[in-house]
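Student:
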Amino acid sequence: MGAMAAREWTRADTAEVVSEPTADDDKYSRGVVGLRTGSAAFPGAAVLGVEAAWRAGVGMVRFLGPQRAADLILARRPETVTADGRVQSWVIGSGTDAAHRSARERAALRAVLGGDVPVVVDAGALDLAAEASAPVVATPHGREHQRLRRMLGLDPDSDDAAGTARALGGVVVRKGATTVVAAPGTEPIEITAPTSWLATAGTGDVLAGTVGAVIAGVVGRGAPADDLITMQRAAASAVWLHGHAAALAVAAHRGGPITALDVAEHLPHAVADALIG
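Note that the working numbering has the sequence shown beginning at 1, numbered continuously upward.
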């Protein structure tokens, strides 16, 4: 099958996906995202993902992960719920390493991947993406994309995200200076980062939390969780918001360097800009 031409994603496209809450909304209709992220070695990844999910406008964030990460999250974001319960999307894998995964954690991740709500699969959980029955949104960077393609029996030297999405049966967010968001049976979407200052530690964790939040929002408003084109549009909108938040953070620092937390903290401004148009 020949490669499909990609389309660009814009502020106007994003405005059709994200929305301002109404008087009829509650925290559930605004979306609940669950994160199972972070580790003893990398607890900050969980903090960044949770921060991003809140800042992107979700109604509730649940965190189920290592105690150290939970303590750090609650110190920064006491709104976070650390008990299991209803969610409309999951984020797993950020700040984890498959080589150090316990049997208990593997079972928990497989239960998430065997559920019926969309799962954003990042970093250390990408090795489990292919066995999911839940709708999957995989978020690999270049080297991770190579490994994912190898696991799927594809040529690892090809950067064909659309082919990866077809083989996976899910959405692939191939991160880079130009991020490609691909889903089976439709044209890929491209979003070029507005600043190279995004190339810094932790911004991928922020992106994963943002993707999970936007997906939870559209599912909370009634979108079918198993519609991969809807999930692709939500993921592309999250990538746009992430990039725009980075550009706003750079501007706030007079064109100078930013950190991942700066990106998360500017997500409300990015959402507002998308809604205002």
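For every residue, glycine included, the Cβ atom is placed at its ideal position computed from N, Cα and C.
Within this structure, are the beta carbons of T164 and H145 separated by less than 8 Å?
Tutor: A contact, by the Cβ cut-off of 8 Å.
Student: Excluding the five sequence neighbours on either side, which residues of its own chain have a C-beta within less than 7 Å of the C-beta of M4, listed in chain order?
Tutor: Taken in chain order, the residues that qualify are A162, E187, P188.
Student: Have a look at A132 and G209 and give me their C-alpha separation to the nearest angstrom.
Tutor: The straight-line gap from Cα to Cα measures roughly 19 Å.
Student: From this set, S89, L128, H244, which residue's C-alpha is nearest D97's C-alpha?
Tutor: The candidate whose alpha carbon is nearest that of D97 is L128.
Student: Between the stretch 235 to 247 and the stretch 108 to 115, can you find at least three pairs of beta-carbon atoms closer than 8 Å?
Tutor: Touching, no, given that fewer than three Cβ pairs across the two stretches are closer than 8 Å.
Student: Here's the rule I'm using: 16 or more other beta-carbon atoms within 10 Å means buried, otherwise exposed. How should A69 be labelled?
Tutor: Classification of A69: buried, given that the 10 Å Cβ count is 16 or more.
Student: Could you check where the alpha helix (DSSP H) with S237 kicks off and where it finishes?
Tutor: Start and end: 228 to 252.
Student: If you draw a straight line from the alpha carbon of A40 to that of I73, how long is it in whole angstroms?
Tutor: If I take the Cα positions, the gap works out to 13 Å.
Student: So the alpha helix (DSSP H) L35 belongs to, where does it begin and stop?
Tutor: Segment 32 to 36 is the beta strand (DSSP E) holding L35; no alpha helix (DSSP H) there.
Student: If I'm right that G93 touches A123 with Cβ under 8 Å, what's the distance once you round it to whole angstroms?
Tutor: Contact holds; Cβ gap of about 5 Å.
Student: Roughly how many angstroms lie between the CA atoms of H266 and I258, to the nearest whole one?
Tutor: Cα-Cα distance, rounded: 11 Å.
Student: Do the CB positions of V136 and V91 come within less than 8 Å of each other?
Tutor: Taking 8 Å as the Cβ cut-off, V136 and V91 do not qualify as a contacting pair.
Student: Based on the DSSP output, what are the partners of M60 in its beta bridges?
Tutor: Per DSSP, V32.
Student: Can you name the start and end residues of the beta strand (DSSP E) that V81 belongs to?
Tutor: Neither: V81 is in no beta strand (DSSP E) and is coded neither H nor E.
Student: Just mark I229 as buried or exposed, buried being the case when its beta carbon has 16 or more other beta carbons within 10 Å.
Tutor: By the neighbour-count rule (16 or more Cβ atoms within 10 Å), I229 is not buried but exposed.
Student: Run through DSSP, which three-state label would D20 get?
Tutor: Here residue 20 is Glu; the residue named in the question, Asp, does not match the sequence. The answer is coil: DSSP assigns E20 none of H, G, I, E or B.
Student: Just verifying my parser: in three-state terms, what is the DSSP assignment at E144?
Tutor: Reduced to three states, the DSSP call for E144 is helix.
Student: Leaving out the 5 sequence neighbours to the left and right, which residues in its chain are closer than 8 Å to R7 when beta-carbon positions are compared?
Tutor: For R7, where only same-chain residues beyond five positions count, the Cβ hits under 8 Å are E187, P188, I189, E190.
Student: Excluding five sequence neighbours on each side, which residues of the same chain lie with their C-beta closer than 7 Å to the C-beta of V50?
Tutor: Correct list, in chain order: L35, V61, F63, I73, R77, T80, G209.
Student: Decide if R106 is buried, meaning its Cβ has at least 16 other Cβ atoms within 10 Å, or exposed.
Tutor: It is exposed - the Cβ of R106 has fewer than 16 other Cβ atoms within 10 Å.
Student: Tell me whether the beta-carbon of G59 lies closer than 8 Å to the beta-carbon of Y28.
Tutor: Closer than 8 Å, so yes.
Student: With a threshold of 6 Å on Cβ separation, who are the neighbours of A247 within its own chain once the five nearest residues in sequence on each side are excluded?
Tutor: Closer than 6 Å at the Cβ level, and outside the excluded window around A247, lie P194, T195.
Student: From G169 to L261, what does the alpha carbon distance come to, in whole angstroms?
Tutor: Distance between the alpha carbons of G169 and L261: 32 Å.
Student: Could you give the DSSP three-state label for I191: helix, strand or coil?
Tutor: Reduced to three states, the DSSP call for I191 is strand.
Student: DSSP puts T179 in a beta bridge; with which residues?
Tutor: DSSP, once it has assigned bridges, lists I191 as partnering T179.
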